[in-house]
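Colleague:
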Amino acid sequence: MENRPLEYDYSVSKMFMLTTVLLGIVGMLIGVILAWELAFPGVNTILGSGLAEYTNFSRLRPLHTDAVIFGFTLSGIFATWYYVGQRVLKVSMAESKLLMFLGKFHFWLYLAVVVSVVVSLLLGITTSKEYAEFEWPIDIAVVVVWVTFGMSIFGLIGIRREKSLYISIWYYIATFLGIAMLYLFNNMEIPTYFASGGIGSFWHSVSMYAGTNDALVQWWYGHNAVAFGFTVPIVAMIYYFLPKESGQAVYSYKLSLLSFWGLMFVYLWAGGHHLLFSTVPDWVQTMGSVFSVILILPSWGSAINMLLTMKGEWQQVASSPLIKFMVLASTFYMFSTLEGPIQAIKSVNALAHFTDWIIGHVHDGTLGWVAFMIMAALFHMAPRVFKREIYSKGLMNTQFWIQTLGVVLYFTSMWVAGITQGMMWRAHDEFGNLAYSFIDTVQVLMPYFTIRAVGGTLYLVGMFIFAYNMYKTMTVGRRVDESELQNATPMAA
Amino acid sequence: MFHWLEKHPFFFAVGIFVTISFAGLVEVLPNFVQQSRPVIGTKPYTTLQLAGRHVYIKNSCNACHSQLIRPFKSETDRYGDYSLSGEYAYDRPFLWGSKRTGPDLHRVGNYRTTDWHENHMKNPEAVVPGSIMPGYPWLFDNLADIDTAYAEQVTVMNAFNVPYNADLPQKDGSTAQVKLASDLAGAQASALEEAKKVAADMKDQDIKDTVAAGKIPEIVALIAYLNSLK
Chain A
0 MENRPLEYDY SVSKMFMLTT VLLGIVGMLI GVILAWELAF PGVNTILGSG LAEYTNFSRL
60 RPLHTDAVIF GFTLSGIFAT WYYVGQRVLK VSMAESKLLM FLGKFHFWLY LAVVVSVVVS
120 LLLGITTSKE YAEFEWPIDI AVVVVWVTFG MSIFGLIGIR REKSLYISIW YYIATFLGIA
180 MLYLFNNMEI PTYFASGGIG SFWHSVSMYA GTNDALVQWW YGHNAVAFGF TVPIVAMIYY
240 FLPKESGQAV YSYKLSLLSF WGLMFVYLWA GGHHLLFSTV PDWVQTMGSV FSVILILPSW
300 GSAINMLLTM KGEWQQVASS PLIKFMVLAS TFYMFSTLEG PIQAIKSVNA LAHFTDWIIG
360 HVHDGTLGWV AFMIMAALFH MAPRVFKREI YSKGLMNTQF WIQTLGVVLY FTSMWVAGIT
420 QGMMWRAHDE FGNLAYSFID TVQVLMPYFT IRAVGGTLYL VGMFIFAYNM YKTMTVGRRV
480 DESELQNATP MAA
Chain B
0 MFHWLEKHPF FFAVGIFVTI SFAGLVEVLP NFVQQSRPVI GTKPYTTLQL AGRHVYIKNS
60 CNACHSQLIR PFKSETDRYG DYSLSGEYAY DRPFLWGSKR TGPDLHRVGN YRTTDWHENH
120 MKNPEAVVPG SIMPGYPWLF DNLADIDTAY AEQVTVMNAF NVPYNADLPQ KDGSTAQVKL
180 ASDLAGAQAS ALEEAKKVAA DMKDQDIKDT VAAGKIPEIV ALIAYLNSLK
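Next up, the structure:
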């Protein structure tokens, strides 16, 4: 009995895999619409002027960011947790009725939150705080979802057979704790309906912080939501999936230790770099700037640890598209965590802040690192979850190159756009007057907006290929048995 | 120590929590001791202005427009005096934005007028050739939510001591008050009074008629808010 391999129960993981693909397409489709709206403003009324309120740039923009962060990425994090958690803790969810129930409750409540977010943001019910737009009733539901996630993590840990926690588990625990702390404090708000004795909208609330303090808390949150949503859990994934897929042991335990605790300590300080030259105290700005540069160390620590894990096995990059996805993700992680600190240097920030260079930075991180890693994880999981071979390796390769091209077009055009606009804003003529009106600095961006929209569209096309490949894998992929699933994922040509 | 922690999840989690809390405690907390203190001349929003601020938020104007003028010559040349912390003392939430797809609006009330906004919101391209901002024609049809604005005023006055009905020092040495009605009907009436002044400067006859009939379209509230940004 004890020697029989465990039958892991992936039912919750499967459900989250589905929402990962679906919300990925939704979020990126909205992103592509936004990109074309900037390039060709006529797209704002694409569904007619009657519906323009719901299709124009400003109403859709929060929906895009939230759909990819809390839809696509979070689904991916949950899907991988319900897969990786069981495997590294050597315990099946089927062993505990409570954990099964929690997992399913987690999924359905999460889905309900997603739907209510979509509807409320389209209607313009928003607090306006970036990545924290949800009004108070949704916030409460989010807290319940998150607590359920936490109970699932610690519940599974509680009944584990493997006593020592693998690196990925460290990162999942950190994700849970980090987001919990940040989300709670940033969303402290008073519902005005109750505070005023039943006047006005039920949904409306007012922030407990005012002005500069509010900004400080928001960017402490905003920056670290990136930390604990786009970095920490994605590192959790790569620490599991890359060694597993390549059959290589993690290069260095000490390096992972250093990067983990380093990241935990340093990341939180860096939020101030969103507020350089604003009205927050100068010392907070300087701290933000300095710690952003220090942040290169733990970030690169993880990335290098992953790349060196491939030592002696680099031919796998050529032969396996799955390894390609992960190695490129790791490379984009290094690239993005170098670019970020550069932008956080005060003199660079003076130029870059408020421009499209920041948008470019966000997207080389999210498209190149986060999304590539999540898709790689799903490709690795699919055959093990569905007991079927990946439908097409050729499609994986096609997707890889189309999306890589898309990301490159995206960030290069946004670099040029951002730096151009930043330079034009500050340009003075020989008499010391501003050289350009604001609209001059917008019109010069139009070609770059178009290139970016093309890049984004390519990435979206890749998403459709991904969805198709996953669907085919699930339905018609060749059946495989356990022995084929040790390391490298089986793929049909 | 690390090996031990990795076998004891509870203490591991505590370790993480302490490590990540540190920065917040040092960087964020001390600033709360120094509560946002308004600079001389800063006033809380009137009911209509606050309703307009809600329209601004509802349409995510902050997705493309900042309200933060940085202390550079190029910015003060373009937008006016650089922003001071105390000017935001009554801003809940803050609306600094993070991207300037359009220009900064922190002092837009100094250099744009009611009818400029009116024409611009209908069709930005007609006012600023080459503009990529979409039109916001629905602001002329939807009605502003005065009740919720009043609810927020009551909330912030009670919870955060926002000084409505109090003497506020002004730059010229005088004092001014922002009145807050004692009930909803009073707030609606004063918002309508203010809306009539805005509508008087507008060209759209439908808007004038709507306001005359006692209703306040979103555009009127929004313009009242934008004009207050100085």
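Going line by line, the protein sequences match chains A and B.
At position 206 of the first sequence the residue is numbered 205 (numbering that gives the first Met the number 0), and the sequence of numbers has no breaks.
At position 179 of the second sequence the residue is numbered 178 (numbering that gives the first Met the number 0), and the sequence of numbers has no breaks.
Quick reminder that beta carbons are idealized off the backbone N, C-alpha and C, glycines included.
1. Say whether chain E places a C-beta atom closer than 8 Å to the C-beta of GLY417/A.
2. To which residues of the same chain is ASN186/A closer than 7 Å at the C-beta, ignoring the five residues directly before and after it?
3. Looking at GLU6/A and the ligand GTP, is the gap between the Cβ and the nearest heavy atom below 7 Å?
4. Between which two residues does the beta strand (DSSP E) harbouring SER204/A extend?
5. Nearest-angstrom Cα distance between HIS427/A and ARG111/B?
6. Do you know offhand how far SER195/A's Cα is from GLY221/A's?
7. Could you tell me the distance, in whole angstroms, from the CA atom of SER74/A to the CA atom of MET99/A?
8. When you compare the stretch 429-437 of chain A with the stretch 474-488 of chain A, are there three or more beta-carbon pairs, one atom per stretch, that lie closer than 8 Å?
9. Are VAL90/A and LEU176/A close, meaning C-beta to C-beta below 8 Å?
10. Touch check for the stretch 144-151 of chain B and the stretch 190-204 of chain A: three-plus C-beta pairs under 8 Å?
11. Bridge partners of LYS98/B, per DSSP?
12. Any contact between the stretch 328-336 of chain A and the stretch 356-370 of chain A? By contact I mean 3 or more CB pairs, one from each, below 8 Å.
13. Scan the stretch 2-14 of chain B for residues whose Cβ lies nearer than 8 Å to a Cβ of chain A and list them as they occur along the chain.
14. So for HIS273/A, helix, strand or coil by DSSP?
15. Measuring CB to CB, does LEU267/A end up less than 8 Å from GLY23/B?
16. Closer than 6 Å by C-beta to ALA220/B: which residues in its own chain qualify, once you throw out the five before and the five after it? Chain order, please.
17. Are VAL31/A and THR336/A closer than 8 Å when you measure CB to CB?
18. By how many angstroms is the C-alpha of ALA51/A removed from the C-alpha of ILE45/A?
19. What are the residues of the stretch 186-198 of chain A that lie near chain B, defined by any Cβ-Cβ distance shorter than 7 Å?
20. Whose Cβ in chain B lies nearer than 8 Å to the Cβ of GLU129/A?
21. Give the straight-line distance between the Cα atoms of MET0/B and PHE259/A, rounded to the nearest whole angstrom.
22. Could you pull out every residue in the same chain whose Cβ sits closer than 6 Å to the Cβ of TRP135/A, ignoring the five residues on either side in sequence?
23. Using three-state DSSP, classify LEU67/B as helix, strand or coil.
24. Taking DSSP as the reference, what is the three-state secondary structure of ILE189/A?
25. In the DSSP assignment, what are the bridge partners of THR174/B?
26. Does the CB of MET180/A have a neighbour CB from chain B at under 8 Å?
27. Please list, in chain order, all residues of the same chain as ASP315/B whose beta carbon is under 7 Å from its beta carbon, the five residues on each side excluded.
28. Suppose contacts are defined by Cβ-Cβ distances below 8 Å. Is HIS272/A in contact with SER288/A by that definition?
29. Work out the CA separation of VAL141/A and GLU388/A for me, nearest whole Å.
30. Which partner residues of MET374/A appear in the DSSP bridge assignment?
Modeller: In short, the structure shows the following:
1. The structure shown has no chain E; the protein chains it does contain are A and B.
2. Counting only Cβ-Cβ distances below 7 Å, and skipping sequence neighbours, we find ALA131, ASP138.
3. The model on display carries no ligand, and the ligand GTP is accordingly not part of it.
4. Unbroken beta strand (DSSP E) run through SER204/A: 204-206.
5. Those two C-alpha atoms are separated by around 23 Å.
6. In this structure, the alpha-carbon of SER195/A lies about 30 Å from that of GLY221/A.
7. Taking the CA atoms as reference points, SER74/A sits about 17 Å from MET99/A.
8. The stretch 429-437 of chain A vs the stretch 474-488 of chain A: no contact.
9. no
10. yes
11. PHE353/A
12. yes
13. HIS2, GLU5, LYS6, PRO8, PHE11, ALA12
14. helix
15. yes
16. LEU47, ALA50, GLY51, VAL54, ALA143
17. no
18. Spanning the alpha carbons of ILE45/A and ALA51/A requires a straight line of approximately 8 Å.
19. ILE189, THR191, TYR192, ALA194, SER195, ILE198
20. SER97
21. 15 Å
22. GLU188, PRO190, SER204
23. coil
24. strand
25. PRO168/B
26. Taking 8 Å as the CB threshold, MET180/A lines the interface with chain B.
27. Residue 315/B is absent from the model: chain B starts at 0 and stops at 229.
28. At the C-beta level, HIS272/A and SER288/A come within 8 Å of one another.
29. Using only the alpha carbons, I get a separation of about 36 Å.
30. According to DSSP, MET374/A bridges with nothing at all.
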